[in-house]
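Positions in the sequence shown are counted from 1; adding 2 to them yields our numbering. For every residue, glycine included, the Cβ atom is placed at its ideal position computed from N, Cα and C. So the structure is just underneath, and the comments pick up after that.
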Amino acid sequence: MIPVVYLIVLSIVFAYAGIICFALDDKKADGVMIPLLWCSSVLQIIAALLFYRNPTPIHLVLLKTNEFGEVYGFLIDSTSIFTAFVVSTAGAIFMTYAVRYMDENNVGHPHRNQKGRFYGWMMLFLGSTLGLIYSSTVVQMLIFFELMSLS
Numbered sequence: 003m004i005p006v007v008y009l010i011v012l013s014i015v016f017a018y019a020g021i022i023c024f025a026l027d028d029k030k031a032d033g034v035m036i037p038l039l040w041c042s043s044v045l046q047i048i049a050a051l052l053f054y055r056n057p058t059p060i061h062l063v064l065l066k067t068n069e070f071g072e073v074y075g076f077l078i079d080s081t082s083i084f085t086a087f088v089v090s091t092a093g094a095i096f097m098t099y100a101v102r103y104m105d106e107n108n109v110g111h112p113h114r115n116q117k118g119r120f121y122g123w124m125m126l127f128l129g130s131t132l133g134l135i136y137s138s139t140v141v142q143m144l145i146f147f148e149l150m151s152l153s
């Protein structure tokens, strides 16, 4: 089950790596966002397929203190895997559609030189949503929820 954990963590990292789009112009932002987004989604799909072959819950503690107990970790079960699969797939479809919608040829809703900013915020939102789904503590959920609210 360890490869499932690695795939999920890598998927979240790819989603957060999309924040680099803030610094890019429209064409470069397209070229960076699409591969990162689809890599994140494909990793979630592979993780779901691997997990459902042997669906035993995984509780991974990454940070634990004597005073507070578990501070940071991941809880991977059937519900979180399915929810993350739906969120990442819907996000990938939405963001792929947004490439044409945010195009400069869209005269009905002009968006000039704003793709990088839009992609950066949406990738932050997607990464935070995936982090929230796999959170194992209330503090961690609060952090990811606030990041979702920020974006």
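> Distance, Cα to Cα, serine 159 vs valine 88?
Replying inline: Because the chain here runs from 3 to 153, residue 159 falls outside it and cannot be looked at.
>> If I measure Cβ to Cβ from leucine 149 and keep anything under 7 Å in the same chain, skipping five residues before and after, which residues do I get?
In response: Leu126 and Ser130
> Helix, strand or coil: which one does DSSP assign to leucine 77?
Replying inline: strand
>> Looking at the strands, I want to know which residues DSSP matches up with glycine 71.
In response: Thr67
> Any chance the stretch 47-58 sits against the stretch 138-153, with 3 or more Cβ pairs inside 8 Å?
Replying inline: no
> With a cut-off of 8 Å, do at least 3 Cβ pairs link the stretch 27-38 to the stretch 58-65?
Replying inline: no
>> Could you compute how far the alpha carbon of arginine 102 sits from the alpha carbon of serine 13?
In response: 24 Å
>> Is the beta carbon of alanine 17 closer than 8 Å to that of leucine 152?
In response: no
>> Within the continuous alpha helix (DSSP H) that includes aspartate 28, where are the two ends?
In response: 28-55
> Which same chain residues, not among the five before or five after methionine 124, have their C-beta less than 7 Å away from its C-beta?
Replying inline: Met97
>> Closest to arginine 114 by C-alpha separation, out of Tyr121, Ala86 and Glu106, would be which residue?
In response: Glu106
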